[in-house]
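*Asks:* If you're matching positions, the sequence shown starts at 80 in our numbering and goes up one per residue. For each residue, glycine too, the CB sits at the ideal point set by N, CA and C.
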Amino acid sequence: MIRSWWKEQVIYQIYPRSFYDSDGDGIGDINGIILKLDYLKFLGVDIIWISPHFDSPNDDNGYDVRDYKKIMKEFGTMDDFDNLLSEIHNKKMKLVIDLVVNHTSDEHSWFIESKSSQNNKFRDYYIWRDGGQETPPNNWTSFFGGSAWEKDPKSNDYYLHYFSKKQPDLNWENEKVRNEVYEIMKFWLEKGVDGFRMDVIPFISKDQSFKNLSKSKLVKPEFSYANGSRLHEFLKEMNSKVLSKYDVVSIGEAFGISKESMMKITDERECELSLVFLFDIIRIGRDNWIQNDWNITDLKKLFDVQSSTDNFHWPTVFLNNHDNPRSVSKFGNDSMYRVKSAKLLAMLVLTQRGTPVLYQGEEIGMTNYNFKSLDQFDDLEVLGNLPKALKSGITKNKYLDYLNLSSRDHSRTTIQWNNRSHGGFTINDKNWFVSNSNYDSINVENDMKNSDSIFHFYKNLIDLRKKSDDLIYGKYCDLDPNHKNVFIYQRQGKIYSYLIILNMSENLMTYDVHNLTDYSLEISNRNMDINYYSNQIELLPWDALILKNKLC
Ligand code: TEU
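#1: Would you please state the rounded distance, in angstroms, between the beta carbons of residue 257 and residue 316? I believe it to be under 8 angstroms.
#2: For residue 173, I'd like the list of residues in its chain whose CB is within less than 6 angstroms of its CB, leaving aside the five on either flank, ordered along the chain.
#3: Under 6 angstroms: does the beta carbon of residue 384 sit that close to some heavy atom of the ligand TEU?
#4: Residue 490 to residue 376, Cα distance in whole Å?
#5: Can residue 566 be considered in contact with the ligand TEU, in the sense that its beta carbon sits closer than 6 angstroms to one or more heavy atoms?
#6: Nearer than 6 angstroms: is that true of the beta carbon of residue 147 relative to any heavy atom of the ligand TEU?
#7: For residue 255 and residue 283, I'd like the C-alpha separation in whole angstroms.
#8: For the alpha helix (DSSP H) containing residue 428, list its first residue and its last residue.
#9: Which two residues bound the contiguous beta strand (DSSP E) that contains residue 251?
#10: So which of 132, 170, 169 and 500 has the shortest CA-CA distance to residue 156?
#11: Within its chain, find whatever has a CB closer than 8 angstroms to the CB of residue 297; leave out the 5 residues flanking it on each side and keep chain order.
#12: Restricting to Cα atoms, I'd like to know which of 239, 444 and 346 is closest to residue 522.
#13: Given that a residue counts as buried once 16 or more other Cβ atoms are within 10 Å of its Cβ, and exposed if not, what is residue 508?
#14: If you count every other CB in all the chains shown that lies within 10 Å of the CB of residue 319, and 16 or more means buried, which is it?
#15: When the Cβ atoms of the stretch 234-250 are set against those of the stretch 135-143, are three or more pairs found closer than 8 angstroms?
#16: Just the Cα atoms here: how many angstroms apart are residue 448 and residue 195?
#17: Closer than 6 angstroms to a non-hydrogen atom of the ligand TEU - does that hold for the CB of residue 575?
#18: Which of the three DSSP states, helix, strand or coil, is assigned to residue 119?
#19: Within the continuous alpha helix (DSSP H) that includes residue 80, where are the two ends?
#20: What distance in whole Å lies between the Cβ atoms of residue 587 and residue 624, which are believed to be in contact at a cut-off of 8 angstroms?
#21: Which whole runs of the beta strand (DSSP E) in the stretch 281-335 are 3 residues long or more, in chain order?
#22: Find the nearest neighbour of residue 619 within the set 613, 629 and 583, judged by alpha-carbon distance.
#23: Measuring only from the beta carbon, is residue 185 closer than 6 angstroms to any heavy atom that is part of the ligand TEU?
#24: Quick one: what does DSSP say residue 133 is sitting in, helix, strand or coil?
#25: Taking residue 466 as part of the alpha helix (DSSP H), name the residues at either end of that continuous run.
#26: On the DSSP bridge assignment, give the partners of residue 182 in chain order.
#27: Could I get the ranges of all uninterrupted alpha helix (DSSP H) runs contained in the stretch 373-418, with 4 residues as the minimum, in chain order?
#28: Taking the straight line between their C-alpha atoms, what separation do you get for residue 329 and residue 270?
#29: Considering residue 275, what are the terminal residues of the alpha helix (DSSP H) in which it resides?
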């Protein structure tokens, strides 16, 4: 295993709009991030990834970029960004930015040119097709509802958009487009950013036949659209022309790719990307907006696939991001056992093999929001997919029930810093979205004061992980894949072997552990003694323990 800084460090994602509003306009901003850097440093974060900070009309909260070299005005100025970068570097942390280059905004100058006439030199920057009569060129659908094609009344041609119609897809077959992207990457790298998270990167290569898809393939378009035949070629080109010239981390958001493709992207011998975000774990049980039941044994299998890969691959480990519900609400118990189960999830994320990626608010156990009606959502996906949901035979109320489990907006409520108005997110009384009413008890200030809080548990685990190469690089082995409640795995290194025991249930039980008495307790989420009876351990609901054994 080749050592790399990005394997050893902890990433923390910031969704700037919802993080901290320093100027009182109700929208989080860059100066707000600067004000909280000491907090992140204290937590133990090494790498900060910020969701898009570029100029944008915000149809999809910045994932629709109007100008890649300008800052979103609500977030601040280029001087603010430069300040943020130098402050982060002064504190010996790193900054990763979001690269959204599968598509741009329809307000990007390239698209305005491209749309202006069929002969315009930017026409081929996007994907235009003649739809014939009144029907789109094929039956592909957009992730945000409806057809993936939008007709331009001027030319009668259709352009492709996998996401909203304000997010036209770039034509990566065009070498000029690729070079433009590489130039944008260099612009930010020359400023000193330490890497990129790459939005829906497998989608950049598209099946050029643009054939209709069968009904079954349309159900999960990510698997039919993703992984066009030139993906690996494009990534290798990007690597050789840009990434290889800098000591940076590249993380592809790899929505819907096959295991083979994932293995290729992250294979260190292939020179494509450093890491990918797979969605299998975070989306377990999901079918579009529907959250089905899932079980612990299935979850363990997914960790096994990613964590036991060979020495040439390195996974990411995460249970939260801005596109998914809050982890304690999905994987834990956000009522009676909120604190305990959030600590268990912290242990899971920080002791698996792979780079841990935390999401703002996770470190204090923020929970899902209780949406009462569809008009409370901000996410354009909610209304976009409503016709499809109704067509599938469910009522609006049922759709709302599903969204209360699955919506992206749960993670976009504003950060709960203290118990003052809007959870202290803003210096004024404005909020672009909502804050969860539980901010009077769940907030950063409370967690900082209480040494037994979720925050301090994260901090202690991060610290432990950093001090132990064996916990980072040790071999991973799931010791009891079939157990329905307990997730027990070993991380075996050169000097220490660690046992991680997680009771992912409300059940109280006695559990057999082979060679248990060789181990001593390193840390647990219990504040009372743990009883070992020879090779048996008593587990209380949501117990999480790390045991350690010095190898000879
Ligand atoms: O996300 C893509 C993604 O995996 C999901 O958001 C997906 O589109 C949706 O849940 C399908 O139901 C990335 C960004 O993370 C997301 O915020 C953007 O909206 C999207 O791409 C378009 O840029």
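*Replies:* On the basis of the data shown:
#1: Indeed, because the Cβ distance is near 7 angstroms, the residues count as touching under 8 angstroms.
#2: Only 126 and 273 meet the Cβ criterion.
#3: Incorrect: residue 384 has no Cβ contact closer than 6 angstroms to the ligand TEU.
#4: Rounded to the nearest angstrom, the gap between the Cα atoms of residue 490 and residue 376 is 26 angstroms.
#5: Result no, Cβ not under 6 angstroms from the ligand TEU.
#6: Result no, Cβ not under 6 angstroms from the ligand TEU.
#7: The straight-line gap from Cα to Cα measures roughly 14 angstroms.
#8: Following the DSSP letters along the chain, one finds residue 428 inside the alpha helix (DSSP H) bounded by residues 417-430.
#9: No beta strand (DSSP E) holds residue 251; DSSP gives it neither H nor E.
#10: Distances from the alpha-carbon of residue 156 to those of 132, 170, 169 and 500 put 132 closest.
#11: Cβ within range, chain order: 218, 219, 220 and 303.
#12: Nearest C-alpha to residue 522: 444.
#13: Looking at its Cβ environment, which holds fewer than 16 other Cβ atoms inside 10 Å, residue 508 is exposed.
#14: Exposed is the call here.
#15: Segments in contact, yes.
#16: When only Cα atoms are considered, residue 448 and residue 195 end up about 43 angstroms apart.
#17: For residue 575, the Cβ stays outside the 6 angstroms cut-off from all heavy atoms of the ligand TEU.
#18: If DSSP states are grouped into helix, strand and coil, residue 119 belongs with the helices.
#19: For residue 80, there is no enclosing alpha helix (DSSP H), as DSSP gives it neither H nor E.
#20: Taking a contact as a CB-CB distance under 8 angstroms, the pair residue 624 and residue 587 does not count as one, their CB atoms being some 15 angstroms apart.
#21: Here the runs fully enclosed are 328-332.
#22: When only C-alpha atoms are compared, the closest one is 583.
#23: Not so, every heavy atom of the ligand TEU lies at least 6 angstroms from the Cβ.
#24: Residue 133 falls in the strand class under three-state DSSP.
#25: For residue 466, the enclosing alpha helix (DSSP H) stretches over residues 465-470.
#26: Partner residues in the beta bridge of residue 182, as assigned by DSSP, are 248.
#27: List check, alpha helix (DSSP H) in window: 375-386 and 406-409.
#28: Approximately 16 angstroms between the Cα atoms of the pair.
#29: Not the alpha helix (DSSP H): residue 275 falls in the beta strand (DSSP E), residues 274-277.
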